[in-house]
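Participant:
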Amino acid sequence: NAGVTQTPKFRVLKTGQSMTLLCAQDMNHEYMYWYRQDPGMGLRLIHYSVGEGTTAKGEVPDGYNVSRLKKQNFLLGLESAAPSQTSVYFCASSPDRVITEAFFGQGTRLTVV
Amino acid sequence: LAKTTQPISMDSYEGQEVNITCSHNNIATNDYITWYQQFPSQGPRFIIQGYKTKVTNEVASLFIPADRKSSTLSLPRVSLSDTAVYYCLVVPMDMGRRALTFGSGTRLQVQP
Numbered sequence: 001n002a003g004v005t006q007t008p009k010f011r012v013l014k015t016g017q018s019m020t021l022l023c024a025q026d027m028n029h030e031y032m033y034w035y036r037q038d039p040g041m042g043l044r045l046i047h048y049s050v051g052e053g054t055t056a057k058g059e060v061p062d063g064y065n066v067s068r069l070k071k072q073n074f075l076l077g078l079e080s081a082a083p084s085q086t087s088v089y090f091c092a093s094s095p096d097r098v099i100t101e102a103f104f105g106q107g108t109r110l111t112v113v
Numbered sequence: 001l002a003k004t005t006q007p008i009s010m011d012s013y014e015g016q017e018v019n020i021t022c023s024h025n026n027i028a029t030n031d032y033i034t035w036y037q038q039f040p041s042q043g044p045r046f047i048i049q050g051y052k053t054k055v056t057n058e059v060a061s062l063f064i065p066a067d068r069k070s071s072t073l074s075l076p077r078v079s080l081s082d083t084a085v086y087y088c089l090v091v092p093m094d095m096g097r098r099a100l101t102f103g104s105g106t107r108l109q110v111q112p
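Read top to bottom, the protein sequences are chains R and L.
Heads up, the first sequence is in our numbering, so the first residue is 1 and it goes up one at a time.
Heads up, the second sequence is in our numbering, so the first residue is 1 and it goes up one at a time.
1. Give me the Cα-Cα distance between residue 37 (chain R) and residue 74 (chain R), rounded to the nearest whole angstrom.
2. Which residue comes first and which comes last in the beta strand (DSSP E) that contains residue 92 (chain L)?
3. Is the CB-CB distance between residue 51 (chain R) and residue 65 (chain R) below 7 Å?
4. Kindly list, in the order they appear in chain R, the residues whose Cβ is closer than 7 Å to that of residue 46 (chain L).
5. Could you check what DSSP says for residue 69 (chain R) in three-state terms: helix, strand or coil?
6. In three-state DSSP terms, what is residue 80 (chain L)?
7. Can you give the beta carbon distance from residue 16 (chain L) to residue 78 (chain L), rounded, assuming they're within the 8 Å contact cut?
8. Nearest to residue 76 (chain L) by alpha carbon, out of L:9, L:14, L:7, L:6?
9. Quickly, what does DSSP pair residue 47 (chain R) with across the bridge? List them, please.
10. When the Cα atoms are used, what is the spatial distance from residue 10 (chain L) to residue 39 (chain L)?
11. Residue 102 (chain L) lies in the beta strand (DSSP E); which residues open and close that run?
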């Protein structure tokens with residue numbers, strides 16, 4: 001049972017390039033989330049999804065797009081990367097239960113130069 | 001979504017009990033209180049969740065007063081491995097509103 005898997009683990013982009021981060025979960029969870037965490041800071045919610053085919057904006061959605069075409073996958077896209085998007089990105093999923101225990105991936109360290 | 005306020009940092013010594021208080025004045029009736037722990041270079045990990053009064057598990061206790069405007073995470077007899085950042089979250093139970101927002105957290109440093 002892999003849990004939540006993020007691809008890739010590390011990436012360096014040039015300003016203006018685009019890329020997609022993949023989050024895959026094998027726990028049949030309804031909810032999925034994308035966060036960014038800057039050094040010494042807390043996690044900030046970028047976008048989230050409450051089920052297949054749905055997405056919603058979080059606290060810092062600008063510059064990012066997401067899609068959830070399949071229940072197990074949640075994709076985060078950067079159309080035109082900027083140095084301000086240098087961060088560690090975490091994906092998480094949680095089931096539709098009273099106990100809101102979210103399971104996190106190992107993170108993706110993205111550097112935009 | 002209810003805003004949470006917690007201390008930026010706390011220091012403790014091994015073997016002591018640590019209490020971290022979180023303020024959430026505008027918590028709604030259908031909101032739950034959830035705490036997570038994060039170690040460096042890792043994603044957060046769920047610790048405990050409650051609605052009112054007291055909840056206890058093998059790791060921690062959560063105390064919630066009747067007005068639910070605050071909550072206290074209690075870690076009994078901390079060890080060096082409890083050094084981490086602790087986040088208090090207020091989570092709506094309504095489908096479609098269950099955004100998990102973390103805030104800045106409390107950085108706990110446990111000394112030998």
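Just so it is clear, CB atoms sit at the ideal spot from N, CA and C, and this is done for glycine as well.
Facilitator: Here's the rundown:
1. Within the first sequence, the letter at position 37 stands for residue 37 (chain R). Within the first sequence, the letter at position 74 stands for residue 74 (chain R). C-alpha separation (whole angstroms): 18 Å.
2. Start at 1 with the first residue of the second sequence, and residue 92 (chain L) comes out as number 92. Unbroken beta strand (DSSP E) run through residue 92 (chain L): 84-92.
3. Counting from 1 along the first sequence, the entry for residue 51 (chain R) is found at position 51. Counting from 1 along the first sequence, the entry for residue 65 (chain R) is found at position 65. Going by C-beta atoms, residue 51 (chain R) is not nearer than 7 Å to residue 65 (chain R).
4. Position 46 of the second sequence, counted from the start, is the residue given in the question as residue 46 (chain L). Neighbours of residue 46 (chain L) on chain R, chain order: 101, 102.
5. As a first step, residue 69 (chain R) must be located in the first sequence, where it is residue number 69. In the structure shown, residue 69 (chain R) sits in coil (DSSP, three-state: anything other than H, G, I, E or B).
6. Reading the second sequence from its first residue, position 80 is the one you call residue 80 (chain L). Residue 80 (chain L) carries a helical assignment under DSSP once its states are collapsed to helix, strand and coil.
7. As a first step, residue 16 (chain L) is located in the second sequence; it is residue number 16 there, counting from the start. As a first step, residue 78 (chain L) is located in the second sequence; it is residue number 78 there, counting from the start. Yes, residue 16 (chain L) and residue 78 (chain L) are in contact; Cβ-Cβ is about 6 Å, under 8 Å.
8. Counting from one through the second sequence, the residue named residue 76 (chain L) turns up at place 76. Residue L:14 is the option with its Cα nearest to residue 76 (chain L).
9. To locate residue 47 (chain R), count along the first sequence from 1; it is residue 47. R:34, R:57.
10. Start at 1 with the first residue of the second sequence, and residue 10 (chain L) comes out as number 10. Start at 1 with the first residue of the second sequence, and residue 39 (chain L) comes out as number 39. Each residue's Cα considered, the two are about 15 Å apart.
11. The residue you call residue 102 (chain L) lines up with position 102 of the second sequence. For residue 102 (chain L), there is no enclosing beta strand (DSSP E), since its DSSP letter is neither H nor E.
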